[in-house]
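The listed protein sequences correspond, in order, to chains A and B.
Each step along the first sequence adds one to the number in the numbering used here, with nothing skipped, and position 81 is 81.
Each step along the second sequence adds one to the number in the numbering used here, with nothing skipped, and position 64 is 1064.
Note that beta-carbon positions come from the ideal geometry of N, C-alpha and C, so glycine has one too.
Since the structure comes first, as structure tokens, the remarks are kept for the end.
Number of protein chains: 2
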Amino acid sequence: MNEALFKAIKFGPDGLVAAIAQAHDTGEVLMAAFMNREAIEKTLATGEVHYFSRSRHALWRKGESSGQTQRLIELRLDCDGDALLLLVDQTGVACHTGRRSCFFRALKDGELKTITNVLVDPERLYGER
Amino acid sequence: MNEALFKAIKFGPDGLVAAIAQAHDTGEVLMAAFMNREAIEKTLATGEVHYFSRSRHALWRKGESSGQTQRLIELRLDCDGDALLLLVDQTGVACHTGRRSCFFRALKDGELKTITNVLVDPERLYGER
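Following this line, the structure appears as structure tokens:
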């Protein structure tokens, strides 16, 4: 299935390709993560975005513990095939800190500042840990 | 300079961090590339985005041969510090194919389709090669 796609993707030596999730409606860049072939296949088969966690070395469905899922609207590939852009319909917040986007720190006058607010208490997303 | 920033960035074992360039005005995701510490320092010092080319193993200033430069508007960092989001003012086109964004292929009904047009002839950007 989708052999042309998998030929066009240049997976790294670890079998992973970078994936950027962008909100299909607002254009916000929500997060950057990695996918392996299986994550892409499950994403396309279910319409729910799956990634591969390098730290846990495991496939995960975005939102499987937090409920903050991503529905795939469109999958795009860049010119050299080593990055995916996922246009998604984000339920709630993408970041585990409870912020809409993981890119919530910006360099301002030489200092890293937090530029967006927590929208959902992480304890509500993940329970007490 | 910016020691707090460089402490917060988690460079990979190759000394690189993923960087996503997004048009500051339209929100288009233009490209994904890599930066090393020197690329970030030069970007902050000059306001012109520099990357590190993995294939050429060299620092490059975006647009140095094509003229399609990127002026940095804001640098953002994600929650786990392993990806940068660069809000940029893109001169002309970001892709070496002459398209605005490198993400010009999308999966449609199981097939990769080209979804955007060439705006500038690559020969005009790079001369005859």
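In the three-state scheme derived from DSSP, where H, G and I count as helix and E and B as strand, F6/A is classed as helix. The stretch 1041-1051 of chain B and the stretch 70-90 of chain A do not touch, with fewer than 3 CB-CB distances between them shorter than 8 Å. Secondary structure note for L1107/B: its beta strand (DSSP E) is the uninterrupted segment R1105 to K1108.
Checking the DSSP bridge columns, you'll see V29/A partnered with Q22/A.
Taking 8 Å as the CB threshold, R1100/B stays off the interface with chain A. Contacts with chain B at 8 Å (Cβ-Cβ) include H96/A. Going by C-alpha positions, P1122/B is about 21 Å away from V1049/B. For V1049/B, none of the residues of chain A pass the 9 Å Cβ criterion, the least Cβ distance being about 13 Å. Taking a 10 Å sphere around the C-beta of D78/A, we find 16 or more other C-beta atoms and assign the residue as buried. Contacts with chain A at 8 Å (Cβ-Cβ) include V1029/B. Within the stretch 1062-1080 of chain B, the residues whose Cβ lies closer than 9 Å to any Cβ of chain A are, in chain order, E1074, L1075, R1076, L1077, D1078, C1079 and D1080. Within the same chain, Cβ atoms closer than 8 Å to the Cβ of F6/A are found at R37 and I40, the five residues on either side in sequence being excluded.
In the displayed model, K1062/B falls within coil according to three-state DSSP, outside both helix and strand.
For K1113/B and A4/A, the gap between their C-alpha atoms comes out near 11 Å. Here the C-alpha atom of P1013/B lies approximately 12 Å from the C-alpha atom of D1082/B. In this structure, R1100/B places its C-beta atom within 8 Å of the C-beta atom of L1119/B.
Within the same chain, Cβ atoms closer than 7 Å to the Cβ of A33/A are found at A19 and Y51, the five residues on either side in sequence being excluded. Where T1043/B is concerned, the enclosing alpha helix (DSSP H) starts and stops at R1037 to T1046. Going by beta carbons, L1030/B and Q1022/B fall inside the 8 Å limit.
Between R1037/B and chain A, the shortest Cβ-Cβ separation is not below 8 Å. Counting every other CB atom within 10 Å of its CB across the protein chains shown gives S66/A a total of 16 or more, marking it as buried. Contact check for L1125/B and G1098/B: beta-carbon distance about 6 Å, within the 8 Å limit, so the pair qualifies.
DSSP, reduced to helix, strand and coil, places L125/A within a helical segment of the structure shown.
By DSSP's assignment, R1100/B forms no beta bridge with any residue.
Here the alpha carbon of Q1090/B sits roughly 23 Å from the alpha carbon of C102/A. By the neighbour-count definition (other C-beta atoms within 10 Å, threshold 16), G1110/B is an exposed residue. Contact of F11/A with chain B is not assigned, every C-beta pair being separated by 8 Å or more.
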